[in-house]
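Undergrad: Residue numbers (this note's numbering), protein chains in the order written: chain A, 506 to 752; chain B, 2 to 100.
Note that the Cβ used here is the ideal one computed from N, Cα and C, for glycine as well.
The structure presented is a predicted model; accordingly, all values stated were derived computationally and were not measured.
Have a look at this one.
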């Protein structure tokens with residue numbers, strides 16, 4: 506039976522909606538512990554770039570994608586360069602295309618009025634938790650494999666915590682002073698390096714990353730501004746394209 | 002105070018991000034990617050992440066480079082939270098020691 510047939514098959518869920526939601530809440534706890542420091546750091550860095558306590562939750566609540574928010578704040582000027590920020594946001598969040606595609610077989614039986622709001626809450630963490638749970642349930646023969654209340658229980662606390670703690674970070678930022686002196690700037694490379702390790706599939710598959718790293722570093726040294734991200738990412742994608750052809 | 006240009010930039014970010022969230026579901030749910038397109042899509046997240054932090058690898062501050070080396074080592078074997086704590090602590094301590 507294919508994944509989509511499993512998702513489509515009618516059957517009993519073992520728990521009620523409330524139980525499923527609570528199961529999701531429990532799954533979100535370790536993730537919450539992990540994100541609070543980044544949320545505070547992001548809020549504090551945003552405050553340093555001149556964003557106010559009302560503007561930070563506007564960004565983190567409407568955009569709700571931490572990686573792109575760190576990148577945008579890094580590149581933030583006054584007034585902001587809107588096209589550059591939108592382009593970098595697209596590049597950083599392009600992984601969502603892959604994530605949504607992986608989730609599609611599990612959610613395509615759901616009505617669109619549920620899918621579109623649910624996808625708004627899709628971030629690395631809620632996606633990973635929701636997909637892993639759907640795969641587990643599919644393997645155990647539970648129908649439907651994707652439990653929407655579980656997913657919402659895992660995703661909503663994450664959303665609320667992200668918005669609340671980035672706002673706290675913005676409010677506390679001026680009190681903390683220059684976060685760079687405390688070494689908080691290293692939180693960002695640390696997060697990204699751990700995410701990269703999670704994506705690691707051997708050295709051969711990582712060759713495009715090496716191309717990106719070298720080109721981005723050289724571009725950063727040679728060209729002022731934030732174009733190094735686009736230069737690095739696009740040359741890495743080009744490398745992936747050529748390497749796939751050479752195979 | 003809310004700056005109109007900031008609101009515009011935030012709305013642009015939010016619109017782009019939401020499109021990436023629904024895009025994979027809308028476009029790819031009934032379609033299979035070719036071999037090269039799949040390879041590009043698989044490499045994309047890593048290429049973006051490494052590009053964003055590339056300036057840290059060519060920092061002119063020796064304390065930053067040393068802290069990055071420690072963080073990189075931690076990232077290869079520890080979970081997210083300890084890696085961040087080690088990264089931030091080593092950067093803070095090394096900057097204090099090395100000026």
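Are residue 600/A and residue 92/B closer than 8 angstroms when you measure CB to CB?
TA: Their beta carbons are not under 8 angstroms apart, which means residue 600/A does not touch residue 92/B by this criterion.
Undergrad: So, does the segment 694–712 of chain A touch the segment 576–585 of chain A, judging by three or more C-beta pairs under 8 angstroms?
TA: Not touching, per the Cβ criterion.
Undergrad: Compare the Cα-Cα distances from residue 743/A to each of 717/A, 546/A and 667/A and report the closest residue.
TA: Comparing Cα-Cα distances from residue 743/A to each of 717/A, 546/A and 667/A, the minimum goes to 717/A.
Undergrad: Report yes or no: is there a C-beta of chain A within less than 8 angstroms of the C-beta of residue 99/B?
TA: Taking Cβ atoms only, chain A never reaches closer than 8 angstroms to residue 99/B, which makes this a no.
Undergrad: What's the C-alpha gap between residue 59/B and residue 674/A?
TA: Cα-Cα distance, rounded: 28 angstroms.
Undergrad: From the DSSP output, in three-state form, read off residue 569/A for me.
TA: DSSP places residue 569/A in coil when its eight states are reduced to three.
Undergrad: Here's the rule: buried if 16 or more other CB atoms are within 10 angstroms of the residue's CB, otherwise exposed. What is residue 594/A?
TA: So residue 594/A counts as buried.
Undergrad: Would a C-beta distance cut-off of 8 angstroms place residue 541/A and residue 670/A closer than the cut-off?
TA: The answer is yes: Cβ separation under 8 angstroms.
Undergrad: Around the Cβ of residue 561/A, are there at least 16 other Cβ atoms within 10 angstroms (buried) or fewer (exposed)?
TA: Result: buried.
Undergrad: Per DSSP, what kind of secondary structure is residue 655/A in: helix, strand or coil?
TA: Residue state, collapsed to three classes: helix.
Undergrad: Can you find a C-beta in chain A that's less than 8 angstroms from the C-beta of residue 1/B?
TA: It is not possible to answer for residue 1/B, since the shown part of chain B is limited to 2 through 100.
Undergrad: Under 8 angstroms, do residue 54/B and residue 697/A count as touching if we go by C-beta distance?
TA: Against a cut-off of 8 angstroms, the Cβ pair of residue 697/A and residue 54/B comes out as a contact.
Undergrad: Please classify residue 646/A as buried or exposed, where buried requires at least 16 other C-beta atoms within 10 Å of its C-beta.
TA: Per the 10 Å Cβ criterion, exposed.
Undergrad: Could you check whether the Cβ of residue 525/A sits closer than 8 angstroms to any Cβ belonging to chain B?
TA: Closer than 8 angstroms: no.
Undergrad: So, is residue 680/A buried or exposed, given that buried needs 16 or more other C-beta atoms within 10 angstroms?
TA: It counts as exposed.
Undergrad: Which runs of the alpha helix (DSSP H), 4 residues or longer, sit entirely within the segment 30–92 of chain B?
TA: As far as the segment 30–92 of chain B is concerned, its whole alpha helix (DSSP H) runs of at least 4 residues are 36–58 and 63–78.
Undergrad: Is it buried or exposed, residue 603/A, if we count other Cβ atoms within 10 angstroms and call 16 or more buried?
TA: When all chains shown are included, residue 603/A counts as buried.
Undergrad: Mapping DSSP to helix, strand and coil, what is residue 708/A?
TA: Residue 708/A falls in the coil class under three-state DSSP.
Undergrad: Below 8 angstroms on C-beta distance, what does residue 667/A contact in chain B?
TA: Correct list: empty, because the minimum Cβ distance to chain B is about 13 angstroms.
Undergrad: With distances taken between CB atoms, is the gap from residue 85/B to residue 692/A smaller than 8 angstroms?
TA: Taking 8 angstroms as the Cβ cut-off, residue 85/B and residue 692/A qualify as a contacting pair.
Undergrad: Do residue 25/B and residue 605/A have their beta-carbon atoms positioned less than 8 angstroms apart in this structure?
TA: Yes. Within cutoff.
Undergrad: Let me confirm a value: residue 97/B is counted as buried when at least 16 other C-beta atoms fall within 10 Å, else exposed. Which label applies?
TA: Its Cβ having fewer than 16 others within 10 Å, residue 97/B is exposed.
Undergrad: I believe residue 567/A touches residue 607/A by the beta-carbon criterion, under 8 angstroms. Please report the beta-carbon distance rounded to the nearest angstrom.
TA: The Cβ separation is near 24 angstroms, so there is no contact.
Undergrad: Please report how far the alpha carbon of residue 665/A lies from the alpha carbon of residue 747/A, in whole angstroms.
TA: Their backbone Cα atoms lie some 42 angstroms apart in a straight line.
Undergrad: Any Cβ of chain A within less than 8 angstroms of the Cβ of residue 63/B?
TA: No, its Cβ sits nowhere closer than 8 angstroms to a Cβ of chain A.
Undergrad: Count the other CB atoms, across all protein chains shown, that sit within 10 Å of the CB of residue 619/A; report buried if there are 16 or more and exposed otherwise.
TA: It is exposed - the Cβ of residue 619/A has fewer than 16 other Cβ atoms within 10 Å.
Undergrad: Can you tell me the Cα-Cα spacing of residue 722/A and residue 69/B, whole angstroms?
TA: Taking the straight line from one Cα to the other gives about 14 angstroms.
Undergrad: Could you list which residues in chain A have their beta carbon closer than 9 angstroms to that of residue 45/B, in chain order?
TA: Within chain A, the residues near residue 45/B are 596, 599, 600, 602, 603, 713, 738, 741, 742 and 745.
Undergrad: With 16 other CB atoms within 10 Å as the buried threshold, where does residue 523/A fall?
TA: The residue in question, residue 523/A, is exposed, as its Cβ has fewer than 16 Cβ neighbours within 10 Å.
Undergrad: Does DSSP put residue 554/A in a helix, a strand or coil?
TA: Note: residue 554/A maps to coil in three-state DSSP.
Undergrad: So residue 702/A contacts chain B; which residues on that side make the cut at Cβ distance below 8 angstroms?
TA: Those are 76 and 77, listed as they occur along chain B.
Undergrad: Roughly how many angstroms separate the alpha carbons of residue 573/A and residue 580/A, rounded to a whole number?
TA: Cα-Cα distance, rounded: 11 angstroms.
Undergrad: Would you check if the distance between the CB atom of residue 702/A and the CB atom of residue 76/B is smaller than 8 angstroms?
TA: Their beta carbons are under 8 angstroms apart, which means residue 702/A touches residue 76/B by this criterion.
Undergrad: What number of angstroms, rounded off, separates the C-alpha of residue 52/B from the C-alpha of residue 659/A?
TA: In a straight line, the C-alpha of residue 52/B is about 30 angstroms away from that of residue 659/A.
Undergrad: Taking the straight line between their C-alpha atoms, what separation do you get for residue 648/A and residue 626/A?
TA: Roughly 23 angstroms between the two C-alpha positions.
Undergrad: Measuring alpha carbon to alpha carbon, tell me which of 22/B, 95/B, 99/B and 7/B ends up nearest residue 552/A.
TA: Closest by alpha carbon: 7/B.
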